[in-house]
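Numbering (our numbering), first residue to last: 17 to 113. Comments concern the structure below.
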Amino acid sequence: MQKIDHQLLKRLQTLSMVEVDEAKKDQILEELNKFLEFVDILDELDYSGVEATFSPIEASAPLRKDEPSLHPEIGQKILQNAPKSADNFFIVPKIIE
17 MQKIDHQLLK
27 RLQTLSMVEV
37 DEAKKDQILE
47 ELNKFLEFVD
57 ILDELDYSGV
67 EATFSPIEAS
77 APLRKDEPSL
87 HPEIGQKILQ
97 NAPKSADNFF
107 IVPKIIE
């Protein structure tokens with residue numbers, strides 16, 4: 017297991033652009049090293065026979081069947097709010113010469 021020392025902590029501070037108070041550096045080093053020990057314990061466990069409980073790759077969202085339908089009254093209500101419209105389309109100012 018790799019330990020985090022003052023030199024590595026300084027590099028991590030620089031890379032993450034996080035300022036650590038000098039008075040708290042020893043406490044932070046201790047907590048980070050405890051965390052790494054915990055990760056090492058997890059790394060030693062054998063997961064070969066354990067099936068994943070959830071995988072977003074295998075999950076699929078329930079989808080409704082797409083059924084086209086015409087509702088011209090909705091389009092007419094929307095176009096009533098447009099400053100300009102013609103033939104069921106919005107008329108907008110020309111923006112490209």
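Just so you know, even glycine gets a beta-carbon here, dropped at the ideal spot from N, CA and C.
Would a C-beta distance cut-off of 8 Å place I44 and L58 closer than the cut-off? In this structure, I44 keeps its C-beta atom at 8 Å or more from the C-beta atom of L58.
Looking only at its chain, what residues have a beta carbon closer than 6 Å to the beta carbon of P78, apart from the 5 residues adjacent to it on each side? Closer than 6 Å at the Cβ level, and outside the excluded window around P78, lies no residue.
Taking only runs of the beta strand (DSSP E) that begin and end inside the stretch 25-99, which ones reach a length of at least 3 residues, in chain order? Counting only runs that start and end inside the stretch 25-99, there is no beta strand (DSSP E) element of at least 3 residues.
Going by CA-CA distance only, name the one from Q18, L31, E89 and F106 that's closest to L52. Checking every option, the nearest Cα to that of L52 belongs to Q18.
D42 to E35, Cα distance in whole Å? Whole-angstrom Cα-Cα distance: 14 Å.
Verify the contact flag: I94, CB atom, against every heavy atom of the ligand GDP, threshold strictly below 7 Å. What this structure holds is no ligand at all, so the ligand GDP is not there to describe.
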